[in-house]
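The sequence shown stops at residue 333 when you use our numbering, and every number in between is there.
Glycine included, C-beta positions come from ideal geometry on N, C-alpha and C.
Just so it is clear, the structure is predicted and the values come from calculations on it, not from any experiment.
The structure appears below as structure tokens.
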Amino acid sequence: MPRLRTPVILASCLALALGACGSSSGGDGAGEEGSGEQASLEVVASFYPLEYLVERVAGDRADLTVLTGAGADPHDAELSPRAVGTVGSADLVVYSSGLQAAVDDAVAAQAPDDALDVTPVADLMAVGEDAEEHAAHADEHAGEGEDEHAGEGDGHDHGGEDPHFWLDTERYGEVARAIADRLAEIDPEGADTYKTNAAAVVEDLRALDEDYTAGLAQCESRDLVTTHEAFGYLAARYDLHQLGITGISPDSEPSPARLAEVSAQVEDLDVTTIYAEPILSDAIASTVAQETGTQVLTLDPVESLTDASAGEDYLEVMRANLDALTEGLGCS
Numbered sequence: 002m003p004r005l006r007t008p009v010i011l012a013s014c015l016a017l018a019l020g021a022c023g024s025s026s027g028g029d030g031a032g033e034e035g036s037g038e039q040a041s042l043e044v045v046a047s048f049y050p051l052e053y054l055v056e057r058v059a060g061d062r063a064d065l066t067v068l069t070g071a072g073a074d075p076h077d078a079e080l081s082p083r084a085v086g087t088v089g090s091a092d093l094v095v096y097s098s099g100l101q102a103a104v105d106d107a108v109a110a111q112a113p114d115d116a117l118d119v120t121p122v123a124d125l126m127a128v129g130e131d132a133e134e135h136a137a138h139a140d141e142h143a144g145e146g147e148d149e150h151a152g153e154g155d156g157h158d159h160g161g162e163d164p165h166f167w168l169d170t171e172r173y174g175e176v177a178r179a180i181a182d183r184l185a186e187i188d189p190e191g192a193d194t195y196k197t198n199a200a201a202v203v204e205d206l207r208a209l210d211e212d213y214t215a216g217l218a219q220c221e222s223r224d225l226v227t228t229h230e231a232f233g234y235l236a237a238r239y240d241l242h243q244l245g246i247t248g249i250s251p252d253s254e255p256s257p258a259r260l261a262e263v264s265a266q267v268e269d270l271d272v273t274t275i276y277a278e279p280i281l282s283d284a285i286a287s288t289v290a291q292e293t294g295t296q297v298l299t300l301d302p303v304e305s306l307t308d309a310s311a312g313e314d315y316l317e318v319m320r321a322n323l324d325a326l327t328e329g330l331g332c333s
């Protein structure tokens, strides 16, 4: 599906005596021109990865508003009063608690009963945790009662959890199914459509996973050096070792000591590539690359899309990421 970029001023929508305002993707919840058809549901998605799933699962049965604008870092999202009002009037708000504090607050105040928090479904890993550690932790708590976890995932602070679940195709597929189930609850007439569309998403993700598994099976290096640690799920799934220069926060500034430490690790590991991100400055990656004689390539955490993105949607960007990984890691 094409992504939605152009916001339309609210006054323009009100001035149209005929027609309707359609989907949106502005940080202030602004609308975008639509086809003139009345959607069955008003759905809000908090940021791009959830926008993509809602678009694909709901199809024409939902009029979608996105709270984080194209090119904006979702971690720093702030909502205008108008956007908060949009949350309150929606039939469904799809969000991931702990990622965007402003969205968590708006949902708690305006739509506590009309929201789907995908975080419990995504089953987040702790920052720096690998897949085996996470599985062992999950097994330890498998027998705990429901009451002990009542309310968990409902606007709580994730603290040390990694929010980038959409870079794991299996977790992302489970979220697609959860969105379909919730849409079916509030729109039973569309249940078959939602189920079918979610199955198509899962199949696309399965094919993507197969390509990654094959493409990253034989690599000269399995050390993934990134600006910030957004790729833990991807690394865990495909047996890579992530080394983030700034840690989990994209806004952190590494100290000279940290830059020296990473540069030394890069040289010790014979790493040839440092990965920068499209919506962040490449200055940090370039600094390490200059110190170590390595190249800089782009690896996109797919938190947002812009005209500079290496694809028109999640799947295209992820395939561009695979190309960058195979080049930078020397995979054959």
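#1: Just tell me which of Pro82, Leu117, Pro75 has its CA closest to the CA of alanine 102.
#2: Please determine whether the Cβ atom of glutamate 304 lies at a distance below 7 Å from any heavy atom of the ligand NAP.
#3: Taking 8 Å as the cut-off, decide whether the C-beta atoms of alanine 325 and threonine 299 are in contact.
#4: Between Asp283, Gln296, Ser98, which lies nearest to threonine 274 when the distance is taken from Cα to Cα?
#5: Just reading off the beta strand (DSSP E) that glutamine 296 is part of, what are its end residues?
#6: Based on the DSSP secondary-structure assignment, which residues constitute the bridge partners of glycine 89?
#7: Taking glutamate 43 as part of the beta strand (DSSP E), name the residues at either end of that continuous run.
#8: Is the stretch 193 to 205 in contact with the stretch 173 to 184, if contact means three or more CB pairs nearer than 8 Å?
#9: Taking C-alpha atoms, which residue in Ser41, Glu230, Ala71, Val58 lies nearest to aspartate 308?
#10: Determine which residues share a DSSP beta bridge with glutamate 162 and list them.
#11: Note down the Cα distance separating aspartate 271 from serine 222, rounded to an integer number of angstroms.
#12: Relative to the C-alpha of alanine 277, which candidate in Leu316, Asp182, Val226 has its C-alpha closest?
#13: With 16 as the cutoff for other CB atoms within 10 Å, does glutamate 52 come out buried or exposed?
#14: For the candidate residues Phe48, Val44, Glu254, whose alpha-carbon lies nearest to that of valine 88?
#15: Looking only at C-alpha atoms, which of Asp77, Ser47, Leu54 sits nearest to threonine 66?
Once the coordinates are examined:
#1: Working through the sequence shown from its first residue, we reach residue 102 at position 101. Comparing Cα-Cα distances from alanine 102 to each of Pro82, Leu117, Pro75, the minimum goes to Pro75.
#2: Looking for the ligand NAP in the displayed structure turns up nothing, as the structure carries no ligands at all.
#3: For the purposes of this step, residue 325 is taken as residue 324 along the sequence shown, with counting starting at 1. For the purposes of this step, residue 299 is taken as residue 298 along the sequence shown, with counting starting at 1. Yes, the pair counts as a contact, with Cβ atoms nearer than the cut-off.
#4: Against the sequence shown, residue 274 aligns to sequence position 273. Among Asp283, Gln296, Ser98, the Cα nearest to that of threonine 274 is on Gln296.
#5: Numbered from 1 along the sequence shown, position 295 holds the residue referred to as residue 296. Glutamine 296 -> beta strand (DSSP E) spans 296 to 299.
#6: As a working mapping, residue 89 is identified with position 88 in the sequence shown. For glycine 89, which the question treats as bridged, DSSP gives no partner whatsoever.
#7: Position 42 of the sequence shown, counting from 1, holds the residue named residue 43. Secondary structure note for glutamate 43: its beta strand (DSSP E) is the uninterrupted segment 42 to 46.
#8: Yes: at least three Cβ pairs fall under 8 Å.
#9: As a working mapping, residue 308 is identified with position 307 in the sequence shown. For the residues Ser41, Glu230, Ala71, Val58, the minimum Cα distance to aspartate 308 belongs to Ala71.
#10: Counting from one through the sequence shown, the residue named residue 162 turns up at place 161. Answer is Ala127.
#11: Residue 271 sits at position 270 when you count from the first residue of the sequence shown. Residue 222 sits at position 221 when you count from the first residue of the sequence shown. If I take the Cα positions, the gap works out to 8 Å.
#12: On the sequence shown, position 276 is the one that residue 277 refers to. With distances taken between Cα atoms, alanine 277 lies closest to Val226.
#13: Taking the sequence shown and counting its residues from 1, one reaches residue 52 at position 51. Buried, because 16 or more other Cβ atoms sit within 10 Å of the Cβ of glutamate 52.
#14: Locating residue 88 in the sequence shown gives position 87, counting from the first residue. The residue with the shortest Cα to Cα distance from valine 88 is Val44.
#15: Looking up residue 66 in the sequence shown gives position 65. Here the closest residue by C-alpha is Ser47.
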